[in-house]
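*Asks:* Can you read through this structure? Questions will come right after.
Numbering (the numbering used here), first residue to last: 7 to 280.
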């Protein structure tokens with residue numbers, strides 16, 4: 007039986023923290039890439055950096071098709087990668103590999119980006135909210151869209167509590183009420199608090215829409231699933247001699263390198279003059 011020691015707590019927390027940060031940066035730069043590719047379809051020159059994007063065009067050059075394609079493509083890609091991450095999580099579920107927590111955070115961040123973006127972006131006319139604005143939707147339609155985003159977040163929060171419990175098989179042979187506070191705090195709450203602070207610092211001083219409000223939505227999601235996780239049934243996993251609480255050193259170093267390199271290399275932005 008692996009002990010619930012302070013050392014094991016911080017090993018689990020560091021593994022999850024690295025996954026939290028890398029998953030967020032992956033989704034963020036996936037969306038930056040979507041701006042680059044879709045802007046090229048309409049010959050819109052733009053600049054992207056570590057936090058923002060800027061289109062070098064006049065307001066009259068925007069068209070309905072361009073707005074729809076440019077500001078919705080990132081959300082579609084994020085949703086697809088979130089769905090693929092869910093499949094990858096279940097594919098790695100039987101194995102005692104801590105890397106499955108990366109797919110867990112990909113699911114959480116993707117849901118937060120898509121459903122949170124739909125809910126708040128629609129209300130604040132940010133991100134995909136530009137698409138809804140150009141569609142001249144009635145207030146009732148906008149409210150239905152925001153409610154859909156809210157329920158998407160709620161369902162993800164309720165569903166993800168079980169994913170956290172299942173992910174404990176990377177370290178433990180069982181999951182029960184006694185170890186639940188220990189594991190959830192190490193696997194979810196500590197990475198969320200430290201990771202949100204690191205990402206806030208990363209995007210300074212240009213924190214955009216998702217970076218300003220995403221941590222609040224994510225915090226509410228995690229609060230819901232923390233409450234939900236207390237009522238999960240006990241889980242027993244197959245015995246495996248390879249199961250141990252081990253630090254993913256290579257993964258943590260890779261995440262730190264990506265974190266520092268992207269922040270430095272993209273600090274001045276890259277111009278794409280289509």
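Every residue gets a Cβ at the ideal spot worked out from N, C-alpha and C, and that includes glycine.
Nothing here was measured: the structure is a model prediction, and the numbers come from that model.
Taking only three categories from DSSP, how would you classify residue 212?
*Replies:* Locating residue 212 in the chain shown gives position 206, counting from the first residue. Residue 212: coil per DSSP, three-state reduction.
*Asks:* Looking only at C-alpha atoms, which of 196, 150, 158 and 230 sits nearest to residue 167?
*Replies:* The count along the chain shown starts at 1 and reaches residue 167 at position 161. Taking only the C-alpha atoms, the option nearest residue 167 is 230.
*Asks:* If residue 240 sits next to residue 180, beta carbons under 8 Å apart, how far is it from one beta carbon to the other, in whole angstroms?
*Replies:* The residue labelled residue 240 in the question sits at position 234 within the chain shown. The residue labelled residue 180 in the question sits at position 174 within the chain shown. Contact flag correct, Cβ pair sits at about 7 Å.
*Asks:* Of the residues 276, 202 and 222, which one's Cα is nearest the Cα of residue 31?
*Replies:* Sequence index remark: in the chain shown, residue 31 carries index 25 (1-based). Looking at the Cα atoms, 202 is the closest of the given residues.
*Asks:* With respect to the alpha helix (DSSP H) encompassing residue 304, which residues constitute its N-terminal and C-terminal limits?
*Replies:* Outside the displayed range of the chain (7 to 280) lies residue 304, so it cannot be described from this structure.
*Asks:* Could you spell out the range, first to last residue, of the beta strand (DSSP E) harbouring residue 52?
*Replies:* Within the chain shown, the letter at position 46 stands for residue 52. Here the beta strand (DSSP E) through residue 52 covers 52–54.
*Asks:* Under the rule that 16 or more other beta-carbon atoms within 10 Å means buried, what is residue 276, buried or exposed?
*Replies:* Here residue 276 refers to the residue found at position 270 of the chain shown. Label assigned to residue 276: exposed.
*Asks:* What distance in whole Å lies between the Cβ atoms of residue 107 and residue 155, which are believed to be in contact at a cut-off of 8 Å?
*Replies:* Mapped onto the chain shown, residue 155 falls at position 149. Mapped onto the chain shown, residue 107 falls at position 101. Actually they are not in contact, since the Cβ atoms of residue 155 and residue 107 sit about 25 Å apart, beyond 8 Å.
*Asks:* If we count the other Cβ atoms within 10 Å of its Cβ and call it buried at 16 or more, is residue 153 buried or exposed?
*Replies:* On the chain shown, residue 153 is found 147 positions in, with the first residue counted as 1. Residue 153 should be labelled exposed.
*Asks:* The beta strand (DSSP E) spanning residue 59 covers which residue range?
*Replies:* For the purposes of this step, residue 59 is taken as the residue at position 53 of the chain shown. That run of the beta strand (DSSP E) goes 59–61.
*Asks:* Nearest by alpha-carbon distance to residue 213: which of 261, 57 and 105 is it?
*Replies:* Here residue 213 is taken as the residue at index 207 of the chain shown, counted from 1. Checking every option, the nearest Cα to that of residue 213 belongs to 57.
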